[in-house]
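Asks: Every position in the sequence shown, counted from 1, becomes a number in my numbering once 145 is added. Glycine residues also receive a C-beta, built at the ideal position from the N, C-alpha and C atoms.
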Amino acid sequence: METSCRLGGARALFSRTMSPLAVRLLLLVCLVLPLYGVEKVRNRGYRKDPDADKVRERQDDHFYGSCLQGPGGTPGRDGNPGANGIPGTPGIPGRDGLKGEKGECVNEIFEKPWRPNYKQCAWNSLNYGIDLGKIADCTFTKLRSDSALRVLFSGSLRLKCKSACCQRWYFTFNGAECTGPLPVESIIYLDQGSPELNSTINIHRTSSVEGLCEGVKAGLVDVAVWVGTCADYPRGDASTGWNSVSRIIIEELPK
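(1) Check the C-beta distance from Leu-302 over to Cys-310 and give it rounded, since I have them as a contact under 8 Å.
(2) Closest by CA to Glu-355, which one among Phe-318, Val-368, Phe-298, Ile-348?
(3) Jot down the residue ranges of each uninterrupted beta strand (DSSP E) in the region 337-371, minimum 3 residues, whole runs only, in chain order.
(4) Grouping DSSP H, G and I as helix and E and B as strand, with all else coil, what is Leu-170?
(5) Taking the C-alpha atoms as reference points, what is the distance between Trp-371 and Glu-396?
(6) Under the rule that 16 or more other beta-carbon atoms within 10 Å means buried, what is Leu-335, buried or exposed?
(7) Given a cut-off of 8 Å, decide if Arg-313 and Thr-374 are closer than it, judged by their beta-carbon atoms.
(8) Which value, in whole angstroms, describes the spacing of the CA atoms of Gly-274 and Ser-290?
(9) Counting pairs of beta carbons, one from the region 320-330 and one from the region 259-276, are three or more of them closer than 8 Å?
(10) Which runs of the beta strand (DSSP E) at least 3 residues long sit entirely within the region 203-285? Give them in chain order.
(11) Who are the near neighbours of Asn-388 in its chain, counting only those whose CB is closer than 8 Å to its CB and skipping five residues on each side?
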């Protein structure tokens, strides 16, 4: 009988002439060595791997510890505005832009500043006793058509009559009364004299006729003072400029 046993990659042959005890020991060694190799391989296969344990734990948690996801909640409200942040650093200055096209030349018209323009004509003791007609005139150069004329006559006026009477003193501009907006005038009305003394009232008072007239064109303007009657009243005995200075003042005013 020939028995063979593989140990460590070497082959040993034994003859049939070996003693029975040696044969038994050899068989025992051949049986024990394979079992020891299998146990070593088994222990090697059960060596713990940390990464594998972590993967296994995650799988277990997912399988046993997870819950079903419920419906989404109501969206929350916006929070209060936050405080202003720290100002940023200044940016890089920009570059100059492209040069623009040359503009058109426009001639601007500037109005000349307003210059005072006035005139005065004066007389010493006119002593005009007429009841109807022109008393005095004064020529004025008006610079602009869109301006107004302020006129003033100052002098002594008187009206005398035995019964009710009325006289009217007024301005004309180039022979026509003012229409912008109304005539420039003054009146004196006298009811009657004094029956007890059988005489009439005879009072001379310094009075004035003054006003503004618009709508008079530029150029030479003949400004005159006239005396006439009042509507629906008889005329009396009028007197202008007695024993005193009389004057006409004309002034051009911007509108």
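Replies: So, to answer that:
(1) Position 157 of the sequence shown holds residue 302. Position 165 of the sequence shown holds residue 310. Leu-302 to Cys-310, Cβ: 14 Å. No contact.
(2) To locate residue 355, count along the sequence shown from 1; it is residue 210. Minimum Cα distance to Glu-355 is reached at Phe-298.
(3) At a cut-off of 3 residues, the continuous stretches assigned as beta strand (DSSP E) that sit fully inside the region 337-371 are 350-359.
(4) What you label residue 170 is simply residue 25 of the sequence shown in a count that begins at 1. Assigned with DSSP and collapsed to three states, Leu-170 falls in helix.
(5) What you label residue 371 is simply residue 226 of the sequence shown in a count that begins at 1. What you label residue 396 is simply residue 251 of the sequence shown in a count that begins at 1. Approximately 19 Å, taken between the alpha carbons.
(6) Mapped onto the sequence shown, residue 335 falls at position 190. That one is buried.
(7) Along the sequence shown, read from residue 1 onward, the residue named residue 374 stands at position 229. Along the sequence shown, read from residue 1 onward, the residue named residue 313 stands at position 168. For Thr-374 and Arg-313, yes; Cβs fall inside 8 Å.
(8) Within the sequence shown, the letter at position 129 stands for residue 274. Within the sequence shown, the letter at position 145 stands for residue 290. When rounded, the distance between both Cα atoms is 36 Å.
(9) Taking 8 Å as the limit for Cβ pairs, the verdict is that the region 259-276 does not touch the region 320-330.
(10) Listed in chain order, they are 262-269.
(11) Within the sequence shown, numbered from 1, the residue matching residue 388 stands at position 243. Ser-270, Asn-272, Ser-301, His-349.
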